[in-house]
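First the structure, in the form of structure tokens, and then the observations on it.
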Ligand SMILES: [Zn+2]
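Residue numbers (this note's numbering): 710 to 926.
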């Protein structure tokens, strides 16, 4: 199963492609699962329209690729409280910027995350730096709060390269049993890096626990 759960469309201020273009690009690269995951702060009051649009795409492309509806939620500052109430209409959320110095407090985030009914994960987050900052083992935290961790291949986040070359960290992730996802963080399909996506998917398989969506979605 090849997944890419982090793609931005024109629903995001920085996305250049429609959902359909993102999905057709994923089909052209033989992906099995593609996730649309636009910025919450861009989608805003169009959230219902956004979810309906991605659901229509899911039906339109059924049998060719599985289309998941996600939302990327910035934790700097913390987003509006109404979000958990729509979470049952989403397949997943990606929370970003928890590792930023201006990010939401981890403990407050963990309490808030409990309100979300969909799958939830951390986008492009250096969990090892969070472990050091809070003096705890983030792998255990993610496991016990049922939060997945994204391997973000965009090249914008150094933790990815460190993870690729650090045997100790990879072993710790494998032993922890946390769930992993892969994200390209695509904003423009002309920059799509197919081989990096496939390599990262292979790594997640090797480490043992890629995210699985239930059948019928
Ligand atoms: Zn993103």
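Glycine residues also receive a C-beta, built at the ideal position from the N, C-alpha and C atoms.
Query raised in the report: residue 890: buried (16+ other C-beta within 10 angstroms of its C-beta) or exposed?
Result: With 16 or more Cβ atoms within 10 Å of its Cβ, residue 890 is classed as buried.
Requested in this report: Throw me the rounded Cβ distance for the residue 798 and residue 760 pair, which I believe falls under 8 Å.
Outcome: Right, their Cβ atoms sit about 5 Å apart.
Query - Contacting residues, own chain, Cβ-Cβ under 6 Å from residue 742 (five flanking each side not counted) - result: Scanning its chain for C-beta atoms nearer than 6 Å, with the 5 sequence neighbours on each side dropped, one finds around residue 742 the residues 712 and 775, in chain order.
Query raised in the report: From residue 843 to residue 770, what does the alpha carbon distance come to, in whole angstroms?
Result: Looking at the two C-alpha atoms, the distance is approximately 43 Å.
Query - Classification of residue 821 by the beta-carbon crowding that lies within 10 angstroms, buried from 16 upward - result: Per the 10 Å Cβ criterion, buried.
**Report entry** Classification of residue 885 by the beta-carbon crowding that lies within 10 angstroms, buried from 16 upward
**Finding:** Under this definition residue 885 is a buried residue.
Query raised in the report: What residue ranges within the region 834-888 form continuous beta strand (DSSP E) runs of no fewer than 3 residues, ordered along the chain?
Result: The region 834-888 contains these whole beta strand (DSSP E) runs: 856-861.
**Report entry** Nearest neighbour of residue 870, chosen from 817, 833, 729 and 846 [CA to CA]
**Finding:** Closest option to residue 870, judged by alpha-carbon separation, among 817, 833, 729 and 846: 833.
Query raised in the report: Taking the alpha helix (DSSP H) that residue 908 falls in, what are its first and last residues?
Result: Run containing residue 908: 903-916, per the alpha helix (DSSP H) assignment.
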